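Asker: Supplied in structure tokens, the structure appears directly below.
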Amino acid sequence: MDAILHATPGNPIPGTPLVGFFEGHRGVKLRYAVFRSSTAKTKGTIVLVHGRNEAIEKYFETIRDLTERGFWVATYDFRGQGGSERLLKDPRKGHVGRFDHYVRDLEIFLEQIVLPDTRLPFFLLAHSTGGLIALKAAPRLSNRIERMVLTAPFVGLGGQKASPENIRRLATLASFTGFGKINLNKDEPLKPFEGNPLTTDEFRFARNQKILVEHPELALGPPTARWLYESQKAIDDVRRPGHLASITVPTVIVAPGNDPIVPYHYQESLAQYFRAGQLVPVPGARHEILQEQDRYRNQALAALFAFMPGGEPDEADPVGELTDTALEA
1 MDAILHATPG NPIPGTPLVG FFEGHRGVKL RYAVFRSSTA KTKGTIVLVH
51 GRNEAIEKYF ETIRDLTERG FWVATYDFRG QGGSERLLKD PRKGHVGRFD
101 HYVRDLEIFL EQIVLPDTRL PFFLLAHSTG GLIALKAAPR LSNRIERMVL
151 TAPFVGLGGQ KASPENIRRL ATLASFTGFG KINLNKDEPL KPFEGNPLTT
201 DEFRFARNQK ILVEHPELAL GPPTARWLYE SQKAIDDVRR PGHLASITVP
251 TVIVAPGNDP IVPYHYQESL AQYFRAGQLV PVPGARHEIL QEQDRYRNQA
301 LAALFAFMPG GEPDEADPVG ELTDTALEA
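Numbering (UniProt numbering), first residue to last: 1 to 329.
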């Protein structure tokens with residue numbers, strides 16, 4: 001297993017990153033990359049935490065946007081996906097033993113890679129499952145992370161044929177009867193653009209599909225019952241008012257308004273009890289807002305750059321022009 005990044009047509013590697021492996025919780029090998037900004041003044045480092053079934057390559061465009069604005073970016077693939085070590089014999093099964101293993105991996109990444117090898121101050125940008133990991137870890141991040149931006153954090157489940165309650169029952173039953181490694185739905189390696197819940201941008205959708213076609217070893221199938229059980233427990237934990245009150249890291253939640261996977265009402269409900277959190281709705285956007293059409297994606301980037309100290313745009317910046325709109329939405 002080599003620690004390399006893969007360029008594909010229309011998706012070049014940004015700059016000349018430092019790429020390697022670090023040992024996550026219990027010795028699992030996790031692929032990471034650090035992208036340096038070439039601007040004269042460094043504004044700090046953004047720790048980028050992906051969603052489930054994502055890899056570093058999917059974020060090359062966003063990483064380029066961040067480094068061009070003066071931020072370094074440090075990111076890694078979760079255990080069991082992307083270019084990191086898989087956890088089961090079947091590499092397409094999305095599995096985790098405990099959700100807290102994800103949290104511990106993030107803490108180890110901050111301790112072993114981010115702190116010694118990047119530039120202060122530290123910020124965090126997390127999507128979907130990455131947002132759930134960030135929320136779980138957040139009470140212990142206040143001395144290391146200055147601010148967080150969470151895009152469509154995974155704090156509720158929608159878009160499934162079965163109800164969330166039935167999925168929870170099945171996942172719990174399977175986990176406690178020795179069937180935690182089975183999938184509850186079928187594996188569909190490459191789904192069509194039509195009717196997809198992720199993005200309305202056909203170009204970016206095709207670009208991401210191309211990564212998986214040319215490098216199928218980065219791809220992942222559906223989650224196991226254990227993964228669903230553990231993630232539902234984590235969702236319950238982070239939605240508790242007591243947990244949200246314990247988070248002191250200033251946070252922006254960028255909430256797509258047309259998200260079938262994490263419906264908007266879950267994100268809005270989270271923000272109601274989150275004293276350190278501010279909700280920024282983006283009406284019309286689907287789940288993967290950083291892979292969306294520019295009219296949605298630019299609102300998310302504008303909110304991020306307005307919120308991160310030093311991220312204020314230059315004049316005539318097409319992203320910057322949306323800043324006020326995004327924050328007022």
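For glycine and all other residues, C-beta sits at the position ideal for the given N, C-alpha and C. Since this is a predicted model, take the numbers as computed values, not measurements.
Quick one: Cα of residue 16 to Cα of residue 36, how far?
Answerer: When rounded, the distance between both Cα atoms is 8 Å.
Asker: Assess, as a yes-or-no matter, whether the stretch 114-134 is touched by the stretch 37-44 under the definition of 3 or more beta carbon pairs within less than 8 Å.
Answerer: As far as the Cβ criterion goes, the stretch 37-44 touches the stretch 114-134, which means the pair count is three or higher.
Asker: In this structure, does DSSP put residue 115 in helix, strand or coil?
Answerer: Helix, per DSSP.
Asker: Taking residue 184 and residue 198 to be in contact with their CB atoms under 8 Å, please state how far apart those CB atoms are, rounded to whole angstroms.
Answerer: Not a contact, Cβ separation roughly 20 Å.
Asker: What residue range is occupied by the uninterrupted beta strand (DSSP E) comprising residue 146?
Answerer: Taken as a continuous stretch (DSSP letters only), the beta strand (DSSP E) holding residue 146 covers 145-151.
Asker: Should residue 320 be labelled buried (16 or more other beta-carbon atoms within 10 Å of its own) or exposed?
Answerer: For residue 320, the predicted structure reports a pLDDT of 45, less than 50, and the residue's modelled location is therefore unreliable. The matter cannot be settled from this model.
Asker: Alpha carbon to alpha carbon, how far is residue 96 from residue 235?
Answerer: Roughly 15 Å between the two C-alpha positions.
Asker: Count the other C-beta atoms from every protein chain shown that fall within 10 angstroms of the C-beta of residue 328, then say buried if there are 16 or more, exposed otherwise.
Answerer: In this prediction, residue 328 has a pLDDT of 34, which is less than 50 and means its spatial position is unreliable; what the coordinates show is noted afterwards. Its Cβ having fewer than 16 others within 10 Å, residue 328 is exposed.
Asker: Any chance the stretch 101-111 sits against the stretch 21-33, with 3 or more Cβ pairs inside 8 Å?
Answerer: The stretch 101-111, when compared against the stretch 21-33, does touch it at the 8 Å Cβ threshold.
Asker: May I have the straight-line CA-CA distance separating residue 324 from residue 256, to the nearest angstrom?
Answerer: Residue placement at residue 324 is flagged as unreliable, the pLDDT there being 36, under the threshold of 50; a coordinate-derived value is accordingly withheld.
Asker: Applying the 10 Å Cβ sphere with the 16-neighbour rule, what's the burial state of residue 11?
Answerer: So residue 11 ends up on the buried side.
Asker: Could you tell me which residues DSSP puts in a beta bridge with residue 253?
Answerer: Residue 253 pairs with 150 and 279.
Asker: Per DSSP, what kind of secondary structure is residue 73 in: helix, strand or coil?
Answerer: Correct three-state label for residue 73: strand.
Asker: Taking the alpha carbon of residue 279 as the reference point, which residue from 8, 270 and 285 has its own alpha carbon closest?
Answerer: The candidate whose alpha carbon is nearest that of residue 279 is 270.
Asker: Once DSSP output is grouped into helix, strand and coil, what is the label at residue 23?
Answerer: Reduced to three states, the DSSP call for residue 23 is strand.
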